[in-house]
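Protein chains: 2
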Amino acid sequence: MTDTRAPHPAGNETLLFLTDEQLRQGIEAMFFAYRGFTADPDRILAGLSYGRAHHRALHFINAAPGTTVNNLLRTLGVTKQSLNRVLRTLIEDGLVESRVGRADRRERHLYLTGEGAALERQLSDAQRSRMRAAYRNAGPEAVAGFKKVLEAMMDSELRAQYHAMREGRNE
Amino acid sequence: MTDTRAPHPAGNETLLFLTDEQLRQGIEAMFFAYRGFTADPDRILAGLSYGRAHHRALHFINAAPGTTVNNLLRTLGVTKQSLNRVLRTLIEDGLVESRVGRADRRERHLYLTGEGAALERQLSDAQRSRMRAAYRNAGPEAVAGFKKVLEAMMDSELRAQYHAMREGRNE
DNA sequence: TTGGAATGTCAACAAGACTGACTTAAAATC
DNA sequence: GATTTTAAGTCAGTCTTGTTGACATTCCAA
């Protein structure tokens, strides 16, 4: 398609990092890194009767307490039916509380219980400690670049959500 | 656990990017970016009767032609039963060729056929074009940082594989 | 007030991962 | 040469997590 392994003209930085080989490396880095990224919480979840989907739900309910089901499924990018199964078990097990909306009684607002918050913390502690090690290892400038590229890889809708969460927490 | 939203002492860069909030942002960035990362090939695959698992197999067979089944399943991090299902359909459909090993006739060496290479190219073109846009958008320094952090996030075994692939292609 | 839109739930199904048990063939070891 | 180990493949069954389709409830606007 494009240049496959063209020896890049020296000094041309705009071409330098856009060879197919460079891009392929980035793709593989994403694949392998994502495996590492999920490995620690997955290990914890394997013991319990939960999966990665439960972790994600706990994470985003914790990040935005009182969020509605509709909100959450847009964030997670799954159908409401898929989310519902996960949510049902979390509610049955007393990790998540679902309150009928005051203004609009069709909506359910989601909150973590004490127990839910405890599991969320356990999972995200595991994930954060790997992240922390990686950040420390790579240094602050690398971290800035890391975030910049990841952000550029998101769909615009997801990027908007990503920003909204950040701002929500800084208010 | 650690400091939850401690106002970081100004000027201390080592602490600056290691607050839980910073780490949480990184975690969410990974999550949203990975969605974008897989979105384009997934869209193409949805039309065909293949899934993400097929894409991954095609990718790594293309990256290391002649690789063995054992090799591939270690790279992908799945069981042979799981890989076999995917591989069988790809071989039946004539996208992948499986040759008995010359030296060790127990081994099967895997190659893409013309048709397989064509699909691989179609899928990775889609993925690369998003990657290219992200790289261009973020700039070369950000890309260096991006790779540095991703690499630091990998398990050491995966990091070794990642490096082996890079060197394999640069010989 | 009624009909449409939004929200959430239930049921059934598919993809893709897993474990466990087994076969076949070939290589390695004793 | 007999035995053990390794590589690959298969069959069966389970689990998680996605999907669609059908349905109930609630709100809102014509």
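Heads up: the protein sequence lines correspond to chains B and R, in order.
According to UniProt numbering, the first sequence is numbered sequentially starting from 1.
According to UniProt numbering, the second sequence is numbered sequentially starting from 1.
Ideal Cβ placement from N, Cα and C applies to all residues, glycine included.
Let me know the beta strand (DSSP E) ranges lying completely inside the UniProt domain "HTH marR-type" (20-155) of chain B, each 3 residues or longer, listed in chain order. Here the runs fully enclosed are 96-100 and 108-112.
Among the candidates Ala164/R, Phe60/R and Gly94/R, whose CA atom is the shortest distance from the CA of Gly114/R? Gly94/R
If contacts are defined as beta-carbon pairs under 8 angstroms, then Ala134/R and Val149/B qualify, I think. What distance do you get, rounded to the angstrom? 5 angstroms
Give every residue of the same chain whose Cβ lies closer than 8 angstroms to the Cβ of Thr161/R, excluding the five residues on either side of it in the sequence, and list them in chain order. It should be pointed out that residue 161/R corresponds to Gln in this sequence rather than to Thr. Counting only Cβ-Cβ distances below 8 angstroms, and skipping sequence neighbours, we find Arg74 and Thr75.
Are the beta-carbon atoms belonging to Ala126/R and Ile61/R less than 8 angstroms from one another? no
Using 8 angstroms as the limit for Cβ to Cβ distance, is Arg43/B near chain R? no
For Pro41/R and Pro65/R, I'd like the C-alpha separation in whole angstroms. Take the alpha-carbon of Pro41/R and the one of Pro65/R: they are about 21 angstroms apart.
Strictly under 8 angstroms for the Cβ-Cβ distance: is Lys147/R near chain B by that measure? Judged by the 8 angstroms Cβ criterion, Lys147/R is in contact with chain B.
Interface partners of Asn71/R on chain B, CB under 8 angstroms: Residues of chain B passing the Cβ test: none, with the nearest at roughly 15 angstroms.
Please say whether Leu72/B and Ala53/B have beta carbons closer to each other than 8 angstroms? no
Going straight from the alpha carbon of Gln22/B to that of Arg169/R, what length do you get? 11 angstroms
Rounded to the nearest angstrom, what separates Ala6/R and Gly145/B at their Cα positions? Since pLDDT at Ala6/R reaches only 44, below the 50 mark, its modelled position is unreliable, and the value read off the structure follows with that caveat. Roughly 24 angstroms separates the two Cα atoms.
If we define contact as Cβ-Cβ less than 8 angstroms, is Pro7/R a contact residue for chain B? Since pLDDT at Pro7/R reaches only 45, below the 50 mark, its modelled position is unreliable, and the value read off the structure follows with that caveat. Not flagged as an interface residue toward chain B: Pro7/R, since no C-beta distance is shorter than 8 angstroms.
Who are the neighbours of Asp155/R on chain B, taking C-beta pairs under 9 angstroms? Asp155/R reaches chain B at Phe32, Arg35, Gly36 and Ala39, counting residues in chain order whose Cβ is nearer than 9 angstroms.
Can you list, in chain order, the residues of its chain with a C-beta nearer than 8 angstroms to that of Met30/R? Leave out the 5 residues immediately preceding and following it. none
Chain B residues whose Cβ lies nearer than 9 angstroms to that of Ala144/R: Near Ala144/R (Cβ distances below 9 angstroms), the residues of chain B are Phe17, Glu141, Ala142 and Gly145.
Is Gly26/R close to chain B? Criterion is C-beta to C-beta, closer than 8 angstroms. yes
Which residue wins for smallest C-alpha separation from Leu90/B, given the options Leu119/B, Ala33/B and Asn137/B? Leu119/B
Output yes if chain R places a C-beta closer than 8 angstroms to the C-beta of Ala152/B; else output no. yes
Expected contact under 8 angstroms - CB spacing of Arg35/R and Leu158/B to nearest Å: 6 angstroms
So, are the CB atoms of Ala142/B and Asp155/R less than 8 angstroms apart? no
Cβ of Arg52/B less than 8 angstroms from any chain R Cβ? no
Hey, Lys147/B and Gly139/R are a contact pair by Cβ (cut 8 angstroms); roughly how many whole angstroms apart? Not confirmed; about 13 angstroms, so no contact.
Give a yes or no on whether 8 angstroms exceeds the smallest Cβ distance from Asp20/B to chain R. Yes, Asp20/B lies at the interface with chain R (some Cβ there is under 8 angstroms from its Cβ).
Should Arg99/B go down as buried or exposed, given a rule of 16 or more other Cβ atoms within 10 Å for buried? Exposed, because fewer than 16 other Cβ atoms sit within 10 Å of the Cβ of Arg99/B.
Quick check: is the beta carbon of Tyr135/R nearer than 8 angstroms to any beta carbon in chain B? Tyr135/R counts as touching chain B.
Rounding to the nearest angstrom, what Cα-Cα distance links Met1/B and Gly116/R in this structure? Confidence at Met1/B is low in this model, with a pLDDT of 44, below 50, so its placement is unreliable and the value that follows should be read with caution. C-alpha separation (whole angstroms): 16 angstroms.
With burial defined as no fewer than 16 other Cβ atoms inside 10 Å of the residue's Cβ, what is the status of His163/R: buried or exposed? exposed
Anything in chain R within Cβ reach of Ala117/B, meaning under 9 angstroms, just list it in chain order. Within 9 angstroms Cβ-Cβ: nothing; Ala117/B doesn't reach chain R, min ~12 angstroms.
Thr68/R and Arg108/R closer than 8 angstroms at C-beta: yes
Is DSSP giving Leu18/R helix, strand or coil here? coil
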